[in-house]
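Protein chains in written order, with this note's numbering: chain A, 65 to 167; chain B, 65 to 167; chain C, 65 to 167; chain D, 80 to 391; chain E, 80 to 391; chain F, 80 to 391.
Just so it is clear, CB atoms sit at the ideal spot from N, CA and C, and this is done for glycine as well.
These notes are about the structure you will find just below.
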Ligand SMILES: Nc1ncnc2c1ncn2[C@@H]1O[C@H](COP(=O)(O)O)[C@@H](O)[C@H]1O
Ligand SMILES: Nc1ncnc2c1ncn2[C@@H]1O[C@H](COP(=O)(O)O)[C@@H](O)[C@H]1O
Ligand SMILES: Nc1ncnc2c1ncn2[C@@H]1O[C@H](COP(=O)(O)O)[C@@H](O)[C@H]1O
Ligand code: NA
Ligand code: NA
Ligand code: NA
């Protein structure tokens with residue numbers, strides 16, 4: 065009998081300049097938390113090696129329910145995708161302690 | 065014909081103080097390896113910015129079979145969840161070189 | 065109505081020496097981008113603590129279509145798995161802005 | 080030969096040759112924290128010796144310079160260069176603001192030649208950091224969009240960005256602690272300064288060469304702008320310096336400040352305030368062209384300009 | 080004015096104003112490694128000049144102080160403050176242990192005033208680091224749970240934690256190498272010390288202000304404790320210093336050590352040994368209240384106390 | 080007692096005792112960037128004073144030494160040690176190349192004893208870095224596989240690896256800037272050198288002890304090789320030094336270079352060029368055995384060897 069509960073994992077990889085606006089937004093949209101790591105990479109905006117200020121990227125992951133996941137993805141699509149180097153994806157995972165993540 | 069084999073990915077995000085106890089535990093419970101990254105974040109215990117010792121968090125991921133995955137998640141639930149800032153989730157993935165991860 | 069589209073997420077955890085060869089290879093095999101983080105860990109080649117040059121590991125993730133995902137995993141299997149400390153896995157995710165990731 | 084440009088060139092060459100040399104990200108941050116604090120402290124220490132009544136009018140003129148430069152740059156970029164409003168305004172803002180490292184290299188130029196200068200000049204560095212950025216943002220938002228500017232977060236970004244806090248904070252601490260209070264910090268903040276600057280320039284060389292690929296797509300106009308604009312601004316700066324009564328050394332520093340373009344504070348502020356602007360353009364201009372131009376060719380050139388102004 | 084508190088205040092103000100200034104995590108670690116090693120080296124170097132027969136009884140008395148302080152703090156927290164046993168014990172352990180940076184600030188206070196002190200005092204810093212932590216853990220586990228303490232991992236955590244290894248290791252190296260062996264390390268480990276300390280205090284200001292939000296939920300009692308307890312401990316420390324025959328300067332250092340609360344070694348040890356305790360409470364008390372209190376107000380106050388004790 | 084080996088031993092002991100002390104990865108990188116640059120600068124500065132006609136033949140002989148050593152080491156490993164071709168060749172390459180930190184410790188040994196040496200010796204450090212690696216790769220690929228070597232990426236890896244760029248770049252800058260140009264960098268790059276070296280050795284101790292577990296699986300032969308080979312190479316180096324007319328101090332440095340084994344440049348190059356070789360073997364030999372042997376026992380021993388050669 066599994067001890068995990070279905071949950072969405074939203075992952076956003078974006079310019080570091082967006083770290084604090086994104087953090088504010090996802091909390092406002094109903095997430096109960098998030099986790100951020102420093103990353104580097106390459107995409108349609110070219111290489112982002114993370115060596116200096118304007119070249120840094122972050123990877124934010126948010127565990128949340130389906131509804132919040134949609135709210136977050138729609139929001140970043142509307143507000144940030146056009147002008148910023150970023151990608152986002154959603155996965156289905158099973159969380160422990162479900163009550164931490166649902167509204 | 066896919067070259068991947070079904071496998072569990074257990075992800076634990078926790079206070080850095082737990083890095084070495086967790087590492088010991090997951091190996092003892094049957095995992096064959098793990099990967100750790102430094103992260104920061106926010107959750108029910110407030111913000112953990114990672115700026116200094118007591119404020120650091122890590123993200124550990126473990127590829128393992130179903131049985132080990134359950135052993136690990138149950139163990140962290142019993143032993144650590146009550147007193148530590150942490151979350152954990154499990155995902156279904158497909159691994160290369162299956163023999164590296166199953167008991 | 066979901067705003068995400070099915071996509072593959074390939075994750076490769078490997079010695080840091082492989083970062084730039086892998087980056088070149090995945091782009092040549094059809095990926096449109098990748099993201100890299102510094103990690104540490106343990107596996108069949110023992111502990112890799114990341115404390116110094118030869119001991120560092122990276123985690124590369126690539127969002128791509130099924131075909132590219134297979135090309136990448138087969139390639140790393142053939143070219144690198146025998147001689148390097150590494151693992152790789154593939155997950156099904158849903159991406160925003162599908163056009164960024166398919167050929 | 081002076082070591083500073085050599086370190087920049089080493090970094091530049093290493094990256095062009097695709098060496099795997101990297102300066103770790105947190106070392107870069109550590110070095111820039113150090114440089115900002117040290118410059119602030121030094122300026123503040125000297126400010127303590129100054130008569131405020133003398134410095135105030137100078138300070139106001141200097142801030143005026145920070146407003147004028149982007150107002151000149153904008154039409155050049157928008158009309159002549161046919162860039163869209165957002166990009167023209169964002170780039171103008173970068174050139175209105177200043178580069179701390181270029182300033183440090185110019186100070187070193189004076190020290191190496193024993194040319195005296197008003198030691199409180201870091202104050203002007205602080206004062207010039209933000210007006211240009213603010214004007215750039217206003218220019219981007221002119222015509223209808225004006226109301227959409229959220230001034231709260233913006234002023235916050237500008238005044239509380241890391242470079243303002245470290246420079247300005249250093250200035251205040253230096254001013255409050257005075258030469259005696261700072262004496263025990265001498266070995267760390269002052270004696271190591273040039274060595275740290277060299278290491279930072281190595282990294283700047285790596286970064287600039289890494290961005291050099293973007294030159295091709297940015298077009299000849301932008302490259303011309305990134306060389307011509309600093310010279311024009313340096314002339315304005317030199318005139319302003321003479322006008323407010325600075326020494327020749329101080330005037331060279333002011334001219335260099337005017338000529339320099341920001342690649343730390345401005346990109347961060349513009350990314351949030353004018354996201355429509357393509358950061359590749361402004362960074363290529365400021366970092367890949369203007370920065371090396373200034374430290375390799377510009378400073379000696381501005382020295383000549385200052386000599387002309389002073390009729391030497 | 081002395082620069083050290085100014086750096087702390089700059090960091091504190093910057094974070095309160097929500098500046099985006101950050102000290103990179105690995106720079107923080109690098110600075111703390113440096114400070115611990117440098118203090119250890121300096122103490123060890125002076126220890127080599129000392130008569131062991133003279134130091135031994137002093138050392139034992141000092142360790143007694145580390146046992147007594149948490150035994151006094153615990154009932155205050157448990158009975159008066161009505162905290163549960165685990166939290167009361169954990170906090171008591173923090174106050175039994177010491178803060179390395181507070182010690183460094185006190186040393187700087189003496190240097191700035193040319194007050195002599197026993198240069199081997201870092202030895203007492205090392206000796207005071209762990210007894211308090213051990214007593215705190217014992218208090219937490221008293222009554223039935225006693226058996227559940229796994230002493231192996233615990234002693235390991237306490238004696239082989241990074242601050243013990245660096246301080247103690249530095250002490251041993253300094254003692255073995257002696258003044259001559261350390262002379263070539265002088266520029267790095269001693270001359271830069273105060274500058275590095277300032278940078279570290281900038282970061283401590285950022286950290287303390289970042290935790291300040293937790294003050295609201297921690298209650299007035301804890302704030303009172305975090306100010307009253309250091310004063311009480313300082314009095315004990317001053318008496319102990321006089322008793323074991325330290326100079327006035329040395330006594331001030333011992334009083335400051337007694338007054339200081341650990342926010343590096345103790346939190347790490349308690350997190351593993353007493354996970355039931357809420358780390359927010361002890362860190363708020365030790366770092367947000369006691370640490371700034373000590374460096375801004377406490378040290379001059381303890382100087383007065385020492386003067387009283389010495390009847391000056 | 081000299082502080083340098085003490086720092087290594089502290090790190091080694093701390094890791095063996097499973098302390099949680101860690102040197103952050105980026106601090107490690109920062110320290111190694113510093114050491115490489117500083118050594119290069121110092122050597123380049125002295126090179127400027129040298130007659131090129133005198134140095135050139137020396138330089139060629141030294142590069143010959145870098146070719147000969149792996150050619151001797153390979154048959155020992157392959158025939159005597161019965162390692163497979165790839166591992167034997169990779170290890171031989173490590174011993175043909177050099178260790179920058181071992182060199183720095185030997186320089187410190189001379190300085191502490193006031194023994195003069197040719198100050199341009201870092202040039203030889205640069206020249207010895209790569210021939211050994213290239214020979215190692217050729218040995219690995221001999222017999223059929225020869226064609227499969229991709230020389231382009233390989234030469235790139237060797238000549239543009241970070242240690243070559245920093246050492247060689249530092250050498251060039253030091254040579255171009257000369258003593259006057261480097262004077263303002265003195266406090267940063269030269270006065271702090273030994274302190275930084277100590278910190279680096281602390282980290283090397285941690286790393287070496289962390290790899291020590293691999294000793295068991297590597298076998299007695301490899302341990303013997305990792306002690307015997309350096310002594311043999313040191314004798315060759317001492318003879319070569321006497322032959323090319325170096326002073327006793329310079330000869331000791333050359334002998335130490337010959338005896339040292341690379342654990343930065345060689346592992347990186349071999350990992351790409353000879354992936355079939357097990358990096359555990361070469362790193363255990365070079366880092367866990369040879370490195371500590373050299374800094375603790377080897378250098379004084381080679382000093383004796385040099386004295387014998389010079390008939391003192
Ligand atoms: N296909 C991809 N797979 C993984 N990460 C990606 C991919 N494309 C972009 N990224 C990441 O997202 C960042 C911004 O992407 P872009 O907007 O395409 O430049 C890049 O710097 C990468 O870190
Ligand atoms: N909903 C969430 N999504 C992603 N990460 C989370 C979430 N909640 C908590 N975390 C991470 O887990 C850590 C501890 O969580 P908590 O115990 O809720 O304070 C946080 O600091 C975050 O890094
Ligand atoms: N079971 C596992 N789960 C997660 N990460 C692993 C696992 N096994 C290995 N790794 C990672 O992959 C690296 C190389 O693995 P290996 O080739 O097995 O030594 C390790 O250092 C870990 O970072
Ligand atoms: Na300007
Ligand atoms: Na105390
Ligand atoms: Na060698």
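- Annotated three-state conformation of residue 68 of chain C is coil, per DSSP.
- In chain order, 99 make up the part of chain B whose C-beta sits under 7 Å from the C-beta of residue 77 of chain C.
- Of all residues in the segment 361-375 of chain F, only 362 come within less than 7 Å of chain C when Cβ atoms are compared, listed by chain position.
- Remark: the C-beta of residue 177 of chain D is in contact range of ligand 4, defined as less than 6 Å to any heavy atom.
- At least one heavy atom of ligand 6 lies less than 6 Å from the C-beta of residue 174 of chain F.
- According to the DSSP assignment, residue 97 of chain D belongs to no beta strand (DSSP E), since it is labelled neither H nor E.
- When distances are taken from the beta-carbon of residue 149 of chain B to the heavy atoms of ligand 2, the shortest one is below 6 Å.
- Secondary structure in the segment 179-204 of chain F: the alpha helix (DSSP H) runs of 4 residues or longer, each lying completely within the stretch, are 179-191 in chain order.
- Inter-residue distance for residue 329 of chain D and residue 271 of chain F is about 32 Å (C-alpha atoms, whole angstroms).
- Within the segment 124-153 of chain A, the complete alpha helix (DSSP H) segments at least 4 residues long are 130-143, listed from N- to C-terminus.
- Contact of residue 346 of chain D with chain A by beta-carbon distance below 9 Å involves 81, 117, 118.
- Per DSSP, residue 114 of chain A lies in no alpha helix (DSSP H) segment and is marked neither H nor E.
- Counting along the chain, no beta strand (DSSP E) covers residue 119 of chain C, and no H or E run does either.
- The beta carbon of residue 205 of chain D is closer than 8 Å to those of 119, 122, 243, 246, 247, 250 in its chain, skipping five residues each way along the sequence.
- The C-beta separation of residue 163 of chain A from residue 121 of chain A comes to about 32 Å, leaving the pair out of contact by the 8 Å criterion.
- By the criterion of a C-beta distance shorter than 8 Å, residue 238 of chain F is surrounded in its chain by 209, once the five residues flanking it on both sides are discounted.
- For residue 157 of chain D, there is no enclosing beta strand (DSSP E), since its DSSP letter is neither H nor E.
- Separation of residue 259 of chain E and residue 300 of chain F (C-alpha to C-alpha, rounded to the nearest whole angstrom) is 40 Å.
- With a 10 Å radius around the Cβ and a threshold of 16 neighbouring Cβ atoms, residue 197 of chain D comes out buried.
- Exclusion of the five residues before and after residue 322 of chain D leaves 140 as the residues of its chain whose Cβ lies within less than 8 Å of its Cβ.
- Cβ neighbours of residue 128 of chain F within its own chain (closer than 7 Å, five residues either side excluded): none.
- By the criterion of a C-beta distance shorter than 7 Å, residue 68 of chain A is surrounded in its chain by 158, 159, 160, once the five residues flanking it on both sides are discounted.
- Contact between the segment 284-291 of chain E and the segment 144-155 of chain E is absent, with fewer than three C-beta pairs closer than 8 Å.
- Distance from residue 128 of chain A to residue 95 of chain A at the Cβ level is roughly 5 Å; contact confirmed, criterion being Cβ atoms closer than 8 Å.
- A Cβ-Cβ contact shorter than 7 Å links residue 382 of chain F with residue 331 of chain F.
- In chain order, 165, 168, 353 place their CB closer than 6 Å to the CB of residue 219 of chain E, counting only its own chain and leaving out the 5 sequence neighbours on each side.
- Within chain E, 80, 81, 82 have C-beta atoms less than 7 Å from the C-beta of residue 260 of chain D, given in sequence order.
- Excluding its 5 nearest sequence neighbours in each direction, residue 119 of chain A has C-beta neighbours in its own chain below 7 Å: 112, 113, listed in chain order.
- Rounded to whole angstroms, the separation of the alpha carbons of residue 311 of chain E and residue 293 of chain E is 24 Å.
- Here DSSP, grouped into helix, strand and coil, assigns residue 240 of chain E to coil.
- Excluding its 5 nearest sequence neighbours in each direction, residue 342 of chain F has C-beta neighbours in its own chain below 8 Å: 173, 178, 362, 365, 366, 370, listed in chain order.
- Residues of chain C whose Cβ lies closer than 7 Å to the Cβ of residue 103 of chain A are, in chain order, 99, 100, 101.
- Pairwise C-beta distances place the segment 129-145 of chain A in contact with the segment 86-106 of chain A, as three or more of them are shorter than 8 Å.
- For residue 98 of chain B, the enclosing beta strand (DSSP E) covers residues 98-107.
- In this structure, ligand 3 has no non-hydrogen atom nearer than 6 Å to the beta-carbon of residue 132 of chain B.
- Approximately 18 Å separates the beta-carbon atoms of residue 236 of chain D and residue 112 of chain D; this is outside 8 Å, ruling out the contact.
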